[in-house]
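See structure below.
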Amino acid sequence: AAPRAVFEYDWRLAHGERPPFPVFPDAARGPADAEARGADSDSGWPHRLRFVVTRPDCANQLDLLLSLASTARRRLWVQMFYVTEPGLVDAFAAARERGVDVRVLCDPNEYSLGLRLYGAPNLPFVEQLMSRRVPVRLFASAPGAQMHQKSIVADSRYVFVGATNLTRQSFRVNTDSAFLVDGVDLARVFEERFQDDWSRRAAEPPGDLFRRRRLYQWCVSLASRYV
Numbered sequence: 083a084a085p086r087a088v089f090e091y092d093w094r095l096a097h098g099e100r101p102p103f104p105v106f107p108d109a110a111r112g113p114a115d116a117e118a119r120g121a122d123s124d125s126g127w128p129h130r131l132r133f134v135v136t137r138p139d140c141a142n143q144l145d146l147l148l149s150l151a152s153t154a155r156r157r158l159w160v161q162m163f164y165v166t167e168p169g170l171v172d173a174f175a176a177a178r179e180r181g182v183d184v185r186v187l188c189d190p191n192e193y194s195l196g197l198r199l200y201g202a203p204n205l206p207f208v209e210q211l212m213s214r215r216v217p218v219r220l221f222a223s224a225p226g227a228q229m230h231q232k233s234i235v236a237d238s239r240y241v242f243v244g245a246t247n248l249t250r251q252s253f254r255v256n257t258d259s260a261f262l263v264d265g266v267d268l269a270r271v272f273e274e275r276f277q278d279d280w281s282r283r284a285a286e287p288p289g290d291l292f293r294r295r296r297l298y299q300w301c302v303s304l305a306s307r308y309v
């Protein structure tokens with residue numbers, strides 16, 4: 083019902099109407115709430131789903147992911163096209179300090195839409211994560227191609243997956259939809275995909291990459307406050 087409500091909202095917007103945005107009161111609840119509730123007796127399949135949608139001036143997905151990072155106990159594997167949200171950089175680093183196996187795999191952003199981007203917008207945030215001892219690898223994307231995956235797996239149980247990048251634009255400006263899935267079998271599939279990409283299709287950034295692009299990174303980090 084929730085995805086249909088968002089589609090109907092967008093459909094009406096496209097026809098010049100100004101309908102109220104659908105209300106999802108539980109949207110920002112995270113894993114701690116799921117554990118407290120126990121199994122969903124109304125579910126006819128092994129996954130419990132939470133549909134989360136962002137819209138202008140509503141950061142409920144960010145709240146959900148901050149909850150996911152703060153409650154992770156063993157593992158937090160992030161595979162994401164764009165990573166520029168400072169609050170999540172802090173949350174991932176804090177989880178790492180607690181002993182959680184945090185890994186971030188992202189696109190190198192050398193090329194996009196036929197343009198040479200030289201690592202924008204990820205590069206400054208990759209350096210921040212690495213400076214705080216969070217393991218980061220860049221996907222080996224061919225020129226003109228991208229690692230466009232947007233998913234997070236926590237504790238071999240929770241999967242966050244959808245259209246949302248970890249950026250200010252996605253959390254506070256765009257209308258982006260995603261699901262938080264509570265299901266160990268689905269989490270296993272995503273973990274296997276992540277592990278394969280991490281070990282066979284990605285590598286740590288070259289040691290001199292940040293030094294060579296220092297001024298460029300500074301400009302990008304300023305711009306990322308707004309996009």
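Take the sequence shown: its letters are residues 83 to 309, numbered as in the working numbering.
We put the beta carbon where it would ideally sit given N, CA and C, even for glycine.
Keep in mind the model is a prediction, meaning the values are calculated, not measured.
Query, Result
"Expected contact under 8 angstroms - CB spacing of residue 283 and residue 227 to nearest Å", "Residue 283 to residue 227, Cβ: 12 angstroms. No contact."
"CA-to-CA distance, residue 92 to residue 161, given in whole angstroms", "28 angstroms"
"Residue 99 classed as buried or exposed, judged by whether at least 16 other C-beta atoms fall within 10 angstroms", "exposed"
"Residue interval of the beta strand (DSSP E) (run including residue 187)", "183–188"
"Three-state class that DSSP yields for residue 149 in the structure shown", "helix"
"For residue 244: DSSP bridge partner residues", "260"
"Where residue 213 sits in the DSSP three-state scheme", "helix"
"Cβ-based burial, residue 119 [other Cβ within 10 Å; buried from 16]", "Only weak support is given to the placement of residue 119: the predicted model assigns it a pLDDT of 48, under 50, and the value that follows is read from those uncertain coordinates. Exposed."
"Residue burial classification, residue 276 (beta-carbon count within 10 angstroms, cutoff 16)", "buried"
"Chain-order list of residues whose beta-carbon lies under 7 angstroms from that of residue 171 (same chain, five-residue window excluded)", "207, 210, 211"
"Cβ-Cβ distance between residue 246 and residue 258 below 7 angstroms", "yes"
"Straight-line Cα distance separating residue 89 from residue 220", "34 angstroms"
"Proximity below 7 angstroms, CB of residue 154 to CB of residue 173", "no"
"Closest Cα partner of residue 185 within the set 224, 279, 250", "279"
"Simplified DSSP state of residue 161, which is helix, strand or coil", "strand"
"Residues of its chain near residue 188, where Cβ-Cβ distance is below 6 angstroms and the 5 sequence neighbours each way are ignored", "162, 165, 204"
"Opening and closing residue of the alpha helix (DSSP H) in which residue 103 lies", "No alpha helix (DSSP H) contains residue 103, which DSSP labels as neither H nor E."
"Three-state secondary structure assigned by DSSP to residue 312", "In the structure as shown, the chain starts at 83 and stops at 309, and residue 312 therefore has no counterpart that could be examined."
"Anticipated Cβ contact below 8 angstroms, residue 146 with residue 262, distance rounded", "6 angstroms"
"Best match in 178, 148, 144, 251 for proximity to residue 213 [C-alpha to C-alpha]", "178"
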